[in-house]
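Working notes, beginning with the structure itself.
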Amino acid sequence: MKFLILIVVLVLIVIYFYNRIVAMREAVISSETEISVQLDRRGKVFDSLLATVKKYLSHESEVFSKITELRTQAKTATGAQAKEAEDALSKMVSSGAINVAVEAYPELKSDAIMANLQEEIVSSENKLSFAKRGYNRALEAYKAYIASMPAVFIVNLIPSLKIDKDYWRLDEEAIKSEESRRINFD
């Protein structure tokens, strides 16, 4: 009877450690997947934001150039030409394309758009950094656990429990590439 109880206890211990190793292995895999999700998100968000910012800056530049041109024409023209230039200027202002306060301070709109872009870049990088730290922590916990007693015996008995993953880090070439990386609006 004691022998049977001992066998049952040993089986329960093996089951407990087996389940714990499986859960930790899955946490590592899930954390690694989160990095992929965040990398994909960053790429899509950056592409979208950069396209929006470029388009907005281009449109804003066109509007300010047109306003300046019309104001110059209105100031230098006489008679019918002056009236046409003033009418064109009035039409542009009343259409909502611009307002006088923004014309006086064109950096206001661009600054807001650029601040939004910068905020999203920082947010995306923070999310990605958090995902990488989570992966490294999950991997660290998994590796420490499977190297400890008695989990090491269970992993040796059931090799499918072992995963061969490395910590998230950049190699030297990638570090140099990332250090020189800049967002380009060209």
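Residue numbers (our numbering): 4 to 189. No residue lacks a Cβ here, since even glycine has one placed at the ideal position from N, Cα and C.
Are residue i and residue j touching if we call contact CB-CB under 8 angstroms?
i	j	result
I38	W171	yes
I24	L164	yes
Q41	L173	no
I116	Y59	yes
Between the alpha carbons of residue i and residue j, how many angstroms are there, rounded?
i	j	result
Y148	Y19	13 angstroms
V12	F6	10 angstroms
M193	M152	What is shown of the chain runs 4 to 189, which leaves residue 193 out entirely.
S34	A26	12 angstroms
A150	L142	12 angstroms
D50	D43	11 angstroms
Q2	L53	Summary: the structure shown does not reach residue 2, with the chain confined to residues 4 through 189, and so no result is reported for it.
L9	K146	29 angstroms
Y21	A154	8 angstroms
T79	S68	16 angstroms
R136	S180	21 angstroms
F133	R140	10 angstroms
Exposed or buried, which one is residue i when buried takes at least 16 other CB atoms within 10 Å?
i	result
R28	buried
V158	buried
A177	exposed
L111	Any reading at L111 must be qualified, since the residue scores a pLDDT of 49, below 50, and its modelled position is unreliable; the value itself is stated next. Classification for L111: exposed.
L3	There is simply no residue 3 to check, as the chain begins at 4 and stops at 189 in what is shown.
A118	exposed
Just checking my contact of residue i with residue j at CB under 8 angstroms: how many whole Å lie between their CB atoms?
i	j	result
V48	S127	6 angstroms
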